[in-house]
Amino acid sequence: MALENERIKERLVGRFGDQVSNFEEPYGMLTFEVPKEMNLKLLQFLYDDEELKFKFLTTLCAVHNPDFKGRELAIVYHLHNLSDNIRIRFKAYLDINRPDIFTATRLFEAANWLERETYDFYGVNFIGHPNLIRILNVDEMDYFPMRKEYPLEDQTRKDKDDEMFGRGGSLGYGTVKTSDDTTVVELEKDNVGDKLI
Amino acid sequence: MQDFVTLTDKHIVLPDGSIEKRTTTLNLGPIHPATHCVLQNILEMDGERVVSAKQTIGYIHRAFEKISERRPLYQITPLTDRMNYCSSPINNMGWHTTCEKLLKVKTPKRVDYLRVIIMELARISDHLICNSIVGVDTGAFTGFLYVMQYRELIYEIYESICGSRLTTNIGRIGGFERNFPNVAFEKLEKFLDEYPRVLKEFENLLMRNRIFMERTIGAGPISAERALNYGFTGPNLRAAGVDYDVRVFSPYCSYEDFDFEVPVGSTGDCYDRFLVREQEMWQSIEIIKQAYQKVQEFKGKEAEVFHADVPEYYLPKKEDVYTKMEALIWHFKIIMGEIDMPAGEVYNCVEGGNGELGFYLISDGGRTPYRLHFRRPCFIYYQAYEELIKGAMLSDAVIVMSSLNLIAGELDS
């Protein structure tokens, strides 16, 4: 008999008791939550268990929600059991001031870059990762851009010369003042080098 | 590593106590004709052999995941184009099916079949580029040039449907922006008629070519177990002998209605990857034939259906916008992105040109996604590159890269 969500839930609760919680099934995929210290134990159990056999890490990413105080960052794992063709998703919540969680690289090679990407964008510290450095952004970057406190650039801003990129109109770092017969461009030195974020 | 030290000893004799480096550092990329896209490999070479490789990516990172957090759903489609730009219609359809899953929209069968036609055409053009580039890297330029005209024909089919060729932005949530014109079907018939012969000729050029076989057999092999551990999907995983195909495992767009085979390899080397892609192209032709036949079976009113009824997301007809109040309101709300979508989280995947292309979408009930994560197959399997080429010759490193079908757009999102 093919594996079903109910059966997976039973196995997990049987093994971990109330440490696995918040079972849901949004759009048919079993989703639950584990404490952050448990992520590796759970992955190992799901991998080794004769019945569950979740041996394929589909993807791993983080979600930032500033409203959840003390558990702002969620690390979301998507696993796939290829022999029974069933997927699950679980989340581990972290405090944004201490974003530490164990790495899954020992179990899945695929986790290596995914964790580096998660570190790059959210600053999650994967304990035990062999090479936790930025991957897509420049090494000199000193913030984690996907966190919600960094909103996207205001598209109506006027202090940037974007004429080459289709936003036109602005003459760059300054404002145009037209008096009776002359046009003066006043430079606003303060605006030069403003942070983009 | 130990092997290479002994290897070095045989060839390069350094005086005792020498502080000279035994290996040579070689930059393959970021701008090098053999990398085909913007990515860098810092290779440590011992003579002609690769001791280690360090990949650097991110040269064309465009922050799609961040940008998506401020865009309504329909404005995210053009972003997906720019991931795997060799088969952008698949990315577009993947995104539309994700939205439809979130919104619980059921598309009519005709739409599904039309989508299948477009997706399989995209798969052919993707594999065609990859395989012919492997040919180029082994020294056979003719094949690449010859098959290019059929990719051109595929692009003309896209063009007749959506107006653009490379970054297509094809389709809408719920279906297509317009019905397929007759010229699209005519071109499709021409393609189905002529392409198999050309593909056969292309195969004759390479498949049993001694030089090509010598170059690719045994280059960059990977076992099924390692491939799974590395998160390989798509043709690269199937070449290693695992028959995982999203079209079969979790069918979308009515793929369950079609009869096709999933080719698998055994050793996972460049030659197997080449063969798997070739076979997939033949299968795609079969799927297109079946889909085209199914499309032709619709008669009367059914033959005019090209989208589902989703007024909240599907733009109304232009003449209605000018004459009817309701259509005008919907048009305005859609364009201005003022539609609140249902809250929920959804993971949806399609079989892209390179493997499982996944979209993990979280909505908090707002007008834009709260979080959107793309599972890019390329990004995940490129990690294995070092393992694939360790101990191989430099020229093998180049073909391994092209036979993995790395697309910088997909790597960097």
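Protein chains in written order, with the working numbering: chain A, -19 to 177; chain B, 203 to 615. Quick reminder that beta carbons are idealized off the backbone N, C-alpha and C, glycines included. Bear in mind that the values here come from a model prediction, so they are computed numbers and not experimental data.
Taking the straight line between their C-alpha atoms, what separation do you get for A/Gly152 and B/Met538? Caution is warranted here: a pLDDT of 44 is assigned to A/Gly152, below 50, making its placement in the model unreliable, and the coordinate value is therefore given only provisionally. About 28 Å.
Who are the near neighbours of B/Arg417 in its chain, counting only those whose CB is closer than 6 Å to its CB and skipping five residues on each side? Thr340
Listed by chain order, chain B residues near A/Val43 by CB distance under 7 Å: Ile564, Arg573
Are the beta-carbon atoms belonging to B/Gly467 and B/Gly502 less than 8 Å from one another? no
Does any CB atom of chain A fall closer than 8 Å to the CB of B/Gln485? no
Measuring only the C-alpha atoms, how far is B/Tyr587 from A/Ile66? 28 Å
Could you check whether the Cβ of B/Glu267 sits closer than 8 Å to any Cβ belonging to chain A? yes
Cβ neighbour criterion (16 or more within 10 Å) applied to B/Ala421: buried
Taking the C-alpha atoms as reference points, what is the distance between B/Gln485 and B/Ala441? 15 Å
Nearest-angstrom Cα distance between B/Glu427 and B/Asp598? 22 Å
First and last residue of the uninterrupted alpha helix (DSSP H) at B/Gly560: Taken as a continuous stretch (DSSP letters only), B/Gly560 belongs to no alpha helix (DSSP H), being part of the beta strand (DSSP E) at 558 to 565.
Measuring only between beta-carbons, confirm whether B/Lys303 sits less than 8 Å from chain A. yes
Secondary structure at B/Gly377, three-state DSSP: helix, strand or coil? strand
Would the stretch 389 to 404 of chain B count as touching the stretch 480 to 494 of chain B if we require 3 or more Cβ pairs under 8 Å? yes
Is DSSP giving B/Ala441 helix, strand or coil here? helix
8 Å Cβ cutoff, A/Ile(-12) in contact with chain D: Judged by its chain identifiers, the structure shown contains no chain D, and its protein chains are A and B.
Relative to the C-alpha of A/Val14, which candidate in A/Asp(-2), A/Pro6, A/Gln24, A/Glu5 has its C-alpha closest? A/Asp(-2)
Going by C-alpha distance, which of A/Phe106, A/Thr11, A/His44, A/Asp80 is nearest A/Pro131? A/His44
Closer than 8 Å, Cβ to Cβ, to anything on chain A: give me those residues from the stretch 414 to 435 of chain B, in chain order. Arg428, Leu430, Asn431, Tyr432, Gly433
Residues of chain B with a CB under 9 Å from the CB of A/Pro125: which are they? Ala265, Lys268
Which value, in whole angstroms, describes the spacing of the CA atoms of A/Leu26 and B/Tyr287? 36 Å
Mind reading off the beta-carbon distance from B/Met247 to B/Thr279? Whole number of angstroms is fine, and I expect it under 8 Å. About 43 Å separates the two Cβ atoms, so there is no contact after all.
With a 10 Å radius around its C-beta and 16 neighbouring C-beta atoms as the bar for buried, classify A/Val118 as buried or exposed. exposed
Tell me which residues of the stretch 394 to 406 of chain B have at least one Cβ-Cβ distance to chain A shorter than 9 Å, keeping chain order. none
B/Gly557 vs B/Gly436 beta-carbon contact at 8 Å: yes
Using the Cβ count rule (16 or more neighbours within 10 Å means buried), how would you classify B/Gln351? exposed
Roughly how many whole angstroms lie between the Cα atoms of A/Tyr57 and B/Pro383? 43 Å
When burial is assigned at 16 or more other CB atoms within 10 Å of the CB, is B/Gly337 buried or exposed? buried
What distance in whole Å lies between the Cβ atoms of A/Ala90 and A/Leu37, which are believed to be in contact at a cut-off of 8 Å? 5 Å
Through-space distance from A/Pro125 to B/Tyr572, alpha-carbon basis: 15 Å
Could you tell me whether any Cβ in chain B is nearer than 8 Å to the Cβ of A/Glu13? no
What residues match up with A/Thr196 in a beta bridge as DSSP calls it? Chain A is shown from -19 up to 177; residue 196 of chain A falls before or after that span and cannot be answered.
I need the DSSP call for A/Ser1, collapsed to helix, strand or coil. strand
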